[in-house]
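In what follows, a single structure is set out as structure tokens and then discussed.
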Amino acid sequence: MNEEKAHGLHLQGMEETEDSLSGRVERIVHTNSEDGWTVARFKAQGYAGQVTIVGHLAEPAVNQSLLLFGKWTRHPKYGDQFRFERYQLHRPTNPEALERYLSSGILKGVGPATAKRMVKEFGSEILHILDNEPDKLSKISGISAAKLEKIKQNWQEQKGVQNVMLFLQGHGIPAAYALRIYRHYGDRAIEVVEKNPYQLAADVSGIGFRIADRIARKMGFALNSPFRIEAGLVFALQEASGQNGHVFLPRRQLISAAQAVLSDRNEDYAFEDDIQTTSANTEIEEALERLLETGKLIGESLQEGAEAGIYLPEMYDAERGVAAHLRRLIESPAETKVSVETVKEWRASSRQVRGITLSEEQAEAVVAALTHKVMIITGGPGVGKTTATKAVVDLFEDAGCKIELACPTGRAAKRLSELTGRPARTIHRLLELDPMTWQFRRNRKNPLEADVIVVDESSMLDLNLAHCLLDAIPDAARLILVGDADQLPSVGPGIVLRDLLGCHNIARVKMMEIFRQAKESLIVTNAHRVNEGQLPVAVRPGERPGANCLFISHNEPERITESVVSLVGTELAKQGFSPGDIQVITPMHKGDLGTVKFNQLLQNALNPATGSRGEIRRGEKILREGDRVMQIKNNYSKQVFNGDVGTIVSIDEATQEVAVQFVDQSARYEADELDELELAYAMSVHKSQGSEYPAVIIIVHPSHYVMLQRNLLYTALTRAQRLAILIGNNRAVWRAVHNNLPVKRHSRLKWRVENG
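Given below as structure tokens:
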């Protein structure tokens, strides 16, 4: 998702007309010092009484005179509100207004009495005096030398903010973006934006290439500006990483992707028709060379004459770092040594751990864990991975080792803790994220204090998180990765688990024997059938008593949505499932059968609007007390991460603040942070990874054609614990099962681990 889309903002004037409102701030209801989000009562010209205004103000203060540009909206509880995107600060002229303005808080230590004396002494020239001759204020009673210096400093600061805001908004930059730009650059903001507005995409959170490009176009930058082409190349590589999981792109593929970005005919900032493709490609080639020369991108060929792979520097460092750390661990001696003869004897005789006899495959996994520094346990559902993992943990614990259990997500960590009977944490918590610096406290200089680190659901491990984890593992520790490589790859860049399973120098055990109890589960049977390229056994509701994997055939989207709402709302309750036990999973976000549509329908059915439930509207999205919601981006300051699911426990409609209870913590969201939350009654298959639910409803329909893949259906099925219901038609199921060509991700991790 583009950053600018994630923030739900746009450049004013680009997409719709705007209204204006002129007046004075009379009361500040709420303001956030970090981002300037403000709710205030406003005395507007032409309106009786006060109106409510909401938007971003750099330095909000009572009695400020403002000209606001935006739109009127209607809040279900508070009525009409004016939501502004940009504003202009009006300097007052009459004595009364000047006194109110100077005592509004913009000058620390200047109250009504001092402001009155200032205006009495200088009249309407007081603002000119503050701008140009502030030392003259020393003649006013009550203004000491120290107080004068404070007034001068405060005035210059607020003047600087307003000058920058005026400049930025004059170029069509909404107040929200303008404030972020000022917070990042300070007084340098105008200089930076005038010189190269594309720098904003690299430096300022929430401003991606698209927004920077629109700003640059409004400022008159040429379509073939070197700044634009360089930014387009970086953006193309970022999109390849963020949206498609590539660690790098081959040079020719990157140039093609950049050409598409810079020549998007659906946008008003495309290459002009008279710029020929050959010329554009030459300019892109030249820009790429500049980026490589300056180290802003990194090119690498594996052999002479081969096409170079082009990396973002952080991706290059992460891939090399993961490989180096794995080789360091493999080549370092273990702190706890285990006799190979003893292990072989145990495997040939009892194969028991704390009274439980392991299968041959489980015993093989235990032996590999005991005798290798780095090893992988993989396999599908029902093959006993958890039992083998628990046995490994038991044996290391009996040997006096300190063990850490971790998972990429909070739900997965909670499940691992329940299955092993031991504490398990997210990797972020294990590494002790510092919310102030967004850095992990655990690293090479301050490693984890553990002898064995076990990471479950490691198919979700992306390259960046893997790098941070491995950096913090001490030389003598063992690393055991547990996961199902046939599931979807990580949301983030890389295919870490699959790459490592292909490395000849990393031990691995693939468990394939399905245990008797698991064989009785049609969920497990069908998951394995799908993974092997066979159609799942289709059991209609009521056809086979006790079957835990059902198929409901509908072609029309309306019938499917009606069936889902009925199942979640009433029918599954008869089988003992509460709405909180049920997760709807669908491949896509948009469309009649996407997550957005299902979330709206299920919210209305399960958590409808009432007079007692607080709610907030954001465009078409409504957040309501009691809603199930998901975090959709990493928020390091809150220590809440992409994919975490929680429940809205309270909403302050006046301040637009929302409190959410997650699995093991709570978090509060300011109004400007609400785009980080989505409803989670329905979610995509990718977002469901790492979690299991008592009941899962899976949508499989031809309208999702481009997403219907074998590993997607397999992953969705394996999310269900007690009941899985597929709703759709046979043609879509057939397509998913027989489409075993997942999108290739460019990665060189396997080569690096094997070759150093």
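Per the working numbering, residue -10 is the first one in the sequence shown, and the count goes up by one each step.
We put the beta carbon where it would ideally sit given N, CA and C, even for glycine.
Taking Cβ to Cβ, would you say residue i is nearer than 8 angstroms to residue j?
| i | j | result |
| --- | --- | --- |
| V342 | A380 | yes |
| E308 | L452 | yes |
| V618 | V638 | no |
| G44 | G68 | no |
| L55 | V14 | yes |
| L666 | Q620 | yes |
| L157 | I170 | yes |
| R607 | L668 | no |
| H173 | D192 | yes |
| Y703 | D475 | yes |
| A33 | I17 | no |
| Q147 | H417 | no |
| R414 | A401 | no |
| V150 | I179 | no |
| I716 | I512 | no |
| I571 | L582 | no |
| A225 | A247 | yes |
Where do the ends of the alpha helix (DSSP H) carrying residue i lie?
| i | result |
| --- | --- |
| I200 | 198 to 207 |
| A178 | 178 to 184 |
| L452 | 452 to 460 |
| P84 | 84 to 91 |
| G221 | 215 to 233 |
| W740 | 738 to 744 |
| F630 | Neither: F630 is in no alpha helix (DSSP H) and is coded neither H nor E. |
| E303 | 302 to 320 |
| H117 | 115 to 121 |
| Q39 | Premise fails: Q39 is in no alpha helix (DSSP H) and is neither H nor E. |
| M107 | 101 to 111 |
Please look up how many angstroms separate the CB atoms of residue i and residue j, rounded, as I've assumed it's under 8 angstroms.
| i | j | result |
| --- | --- | --- |
| V223 | S736 | That pair is no contact at about 20 angstroms. |
| V441 | I392 | 5 angstroms |
| T376 | K499 | About 15 angstroms separates the two Cβ atoms, so there is no contact after all. |
| L405 | A461 | Wrong, their Cβ atoms sit about 19 angstroms apart, outside the cutoff. |
Where residue i and residue j are concerned, what is the direct C-alpha to C-alpha distance, given to the nearest angstrom?
| i | j | result |
| --- | --- | --- |
| R746 | L468 | Missing from the structure shown is residue 746; the chain here goes from -10 to 745 and no further. |
| G745 | A312 | 7 angstroms |
| L730 | V363 | 29 angstroms |
| L591 | G373 | 35 angstroms |
| S655 | A220 | 38 angstroms |
| P84 | G112 | 7 angstroms |
| A86 | Q70 | 25 angstroms |
| A165 | I688 | 38 angstroms |
| Y694 | N719 | 13 angstroms |
| V526 | K434 | 53 angstroms |
| V732 | G389 | 44 angstroms |
| P239 | S252 | 20 angstroms |
| E646 | E659 | 5 angstroms |
| C538 | G615 | 29 angstroms |
| K128 | G284 | 57 angstroms |
| M107 | L126 | 7 angstroms |
| P482 | K676 | 15 angstroms |
Which residue comes first and which comes last in the beta strand (DSSP E) that contains residue i?
| i | result |
| --- | --- |
| Y76 | 68 to 79 |
| F540 | 538 to 542 |
| L57 | 54 to 64 |
| H417 | No beta strand (DSSP E) contains H417, which is instead part of the alpha helix (DSSP H) from 416 to 419. |
| D641 | 634 to 641 |
| M364 | 363 to 368 |
Looking only at its chain, what residues have a beta carbon closer than 6 angstroms to the beta carbon of residue i, apart from the 5 residues adjacent to it on each side?
| i | result |
| --- | --- |
| G288 | L281, A297, I299 |
| D423 | R430 |
| S470 | Inspection of the sequence shows that residue 470 is occupied by Leu rather than by Ser. If we look at L470 and ignore the five residues flanking it on each side, its Cβ neighbours are I365, V444, S447. |
| L408 | T375 |
| R497 | I365, L490 |
| R89 | N52 |
Excluding five sequence neighbours on each side, which residues of the same chain lie with their C-beta closer than 8 angstroms to the C-beta of residue i?
| i | result |
| --- | --- |
| V485 | V311, S447, L450, D451, L452, A455, S479, L738 |
| G491 | K739 |
| H578 | T584, V585, S673 |
| A211 | R217 |
| H543 | I549, S552, I716, G717, N718 |
By Cβ distance below 7 angstroms, which residues in the same chain neighbour residue i in space, the five residues on each side in sequence not counted?
| i | result |
| --- | --- |
| S92 | V99, G100, P101, A104 |
| Q265 | For Q265, the pLDDT reaches just 44, beneath the cut-off of 50, and the residue's location in the model is therefore unreliable, leaving the point undetermined. |
| P436 | A461, I462, P463 |
| R711 | N537, P683, A684 |
Nearer than 7 angstroms: is that true of the beta carbon of residue i relative to any heavy atom of the ligand ZN?
| i | result |
| --- | --- |
| I640 | Of the ligands one can find in the structure shown there are none, so the ligand ZN has no counterpart to examine. |
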